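For the sequence shown, position 261 matches number 269 in the working numbering, and the numbering has no gaps at all.
Note that CB positions come from ideal geometry on N, CA and C, so glycine has one too.
Here the structure is a predicted model, which means the values were calculated and not measured.
One structure is given here, and the rest of the page talks about it.
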Amino acid sequence: MIEKDILDYVGNTPMVRIRMEEFGNINLYAKLEFYNPTGSVKDRAAYYIINKLFNLKEINKDTTLIESSSGNFGIALSAYCRKYGLKFICVVDPHINRINEMLIRCSGAQVIKVTEPDENGGYLLTRIRKVKALQKEIENSYWVNQYGNPYNAEAYSETLAEEILEKMDHLDYIFLGISSGGTITGVSGKIKQKFPDAKVIAVDIVGSVIFGHPPKKRFIPGIGSSMVPDILKSAKIDDVIMMDEVTTIRMCHELVNRYNIFAGGSSGSAYGAIKKYFTEKVPGKEINVVTIFPDRGERYGDTIYNEEWCADFIKNHSELKNL
Ligand SMILES: Cc1ncc(COP(=O)(O)O)c(C=O)c1O
């Protein structure tokens, strides 16, 4: 008898081989996280966190969940909250892209859009202030707080890392895009338990402050952050590669043109980071490299996969280095 609904099919995503002819010594494997039910790696966190909170009785069926997210986590939480009959308020800002806002609204969340820029000229602090105000106002509410909630990292340690380990007899490197830090914190610890010599490489984007670089306006969502996530403290990171948005766009186009993988921005960043890293550090022997492709390209139809937008963006950001 079939009992599961669509949102129960979280995880167990395909892992595929990417044959990079120019790097004969590298066996590259990518975990295609866009096969998750709402289209991204964030299904894992939403599903896991909600179930964990119910089990620990930190929430009940009358709780209102609140989160600040303009992207995949907002989309995933909207869907999983509806599945479990929870109310969900998603705090967004005017930078949210049209498709993400539509997906969040379609999944039944209440969307609150802050409009006042904060003292840094962005919206992050205004969004957090709004979340805190809502938390005070609404009885029986819970702020998911992906940047500080240890269950975010635990979700990836318990699911994604296990699935990777199941497939790999040996692992030399794993490259992971970073935003809230959940994926890399959860996966890095578990990977190093089995493969202590495996190197974990964080992939961040120019303009993100996570690793102490100066802030700059960013145009491609999903990767990078305007604050340093708390949960990152327990991540085991060996090296960091900073990618720029122009190269990210080019790498997304290369993924679809060479390998038929129509993926989102952070996938292009991770793929580009692998090429950059091993161009500078040519492996002297055959190595196994794993990466994650967190979401699909459709969500970037107004940016990465819009020819006009790309032409303009590349023209106006020629200061960014090409790979
Ligand atoms: C497209 C995409 N890539 C990468 C990430 C990074 O994941 P994490 O927040 O676990 O660091 C996210 C998170 O939202 C994402 O949406």
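Residues near residue i in its chain [Cβ-Cβ closer than 7 Å; skip 5 each side]
i    : result
G130 : S234
P158 : I239
K244 : S196, G197, K200, V208
Distance between beta carbons of residue j and residue i, contact taken as under 8 Å
i    : j    : result
L40  : F301 : 5 Å
D177 : A206 : At roughly 12 Å, the Cβ-Cβ gap does not stay under 8 Å, so D177 and A206 are not in contact.
A163 : Y56  : 3 Å
P223 : G79  : Incorrect: roughly 18 Å between the Cβ atoms, too far for contact.
A87  : T46  : 5 Å
G185 : S274 : 4 Å
Residue i versus residue j - alpha carbon distance
i    : j    : result
I107 : K293 : 44 Å
I14  : I112 : 17 Å
R137 : S149 : 15 Å
K283 : N153 : 33 Å
V208 : A278 : 12 Å
D303 : L263 : 13 Å
G197 : V248 : 16 Å
V297 : E124 : 43 Å
G32  : R258 : 22 Å
S188 : Y155 : 5 Å
D320 : D310 : 12 Å
I295 : E147 : 53 Å
M166 : A84  : Sequence inspection shows Glu at residue 166; the Met mentioned does not correspond to that position. Distance between the alpha carbons of E166 and A84 is about 18 Å.
A117 : F286 : 43 Å
R27  : A38  : 11 Å
T299 : C318 : 25 Å
I182 : A281 : 11 Å
V122 : I10  : 42 Å
I322 : F42  : 26 Å
E109 : D246 : 36 Å
D126 : L173 : 42 Å
N59  : I192 : 21 Å
A169 : K202 : 10 Å
Classification of residue i by the beta-carbon crowding that lies within 10 angstroms, buried from 16 upward
i    : result
C260 : buried
R25  : exposed
C89  : buried
F219 : exposed
N314 : exposed
E75  : buried
C114 : exposed
R135 : buried
V290 : exposed
N128 : exposed
N268 : exposed
K50  : buried
S242 : exposed
G19  : buried
P389 : With the chain represented from 9 up to 331, any question about residue 389 goes unanswered, as that position is not in the structure.
D252 : buried
P237 : buried
N63  : exposed
R266 : exposed
Contacting residues, own chain, Cβ-Cβ under 6 Å from residue i (five flanking each side not counted)
i    : result
H325 : V254
K95  : T72
M250 : D212, V214
N68  : none
A53  : N160, A163, G190
Residue i Cβ short of 7 Å to ligand 3 heavy atom set
i   : result
K50 : Ligands in the displayed structure: ligand 1; ligand 3 is not one of them.
Same chain, Cβ closer than 8 Å to residue i, five either side skipped, listed in chain order
i    : result
I332 : In the structure as shown, the chain begins at 9 and stops at 331. Residue 332 is therefore absent and cannot be evaluated.
G305 : C260, V264, F270, A271, G272, I312, Y313
K65  : none
K140 : W151
Ordered list of alpha helix (DSSP H) runs contained in the segment 25-82, each at least 4 residues
Counting only runs of 4 or more, we get 50-63.
Completely contained alpha helix (DSSP H) runs for the segment 171-222, where each covers 4 or more residues
Within the segment 171-222, the complete alpha helix (DSSP H) runs of at least 4 residues are 190-202.
Kindly provide the ranges of any beta strand (DSSP E) runs that are 3 or more residues long and lie completely inside the segment 97-128, ordered along the chain.
As far as the segment 97-128 is concerned, its whole beta strand (DSSP E) runs of at least 3 residues are 118-121.
Give, in chain order, every unbroken run of the beta strand (DSSP E) that is at least 3 residues long and sits entirely within the segment 241-265.
Within the segment 241-265, the complete beta strand (DSSP E) runs of at least 3 residues are 247-251.
Which whole runs of the alpha helix (DSSP H) in the segment 305-330 are 4 residues long or more, in chain order?
Fully enclosed alpha helix (DSSP H) runs of 4 or longer: 315-324.
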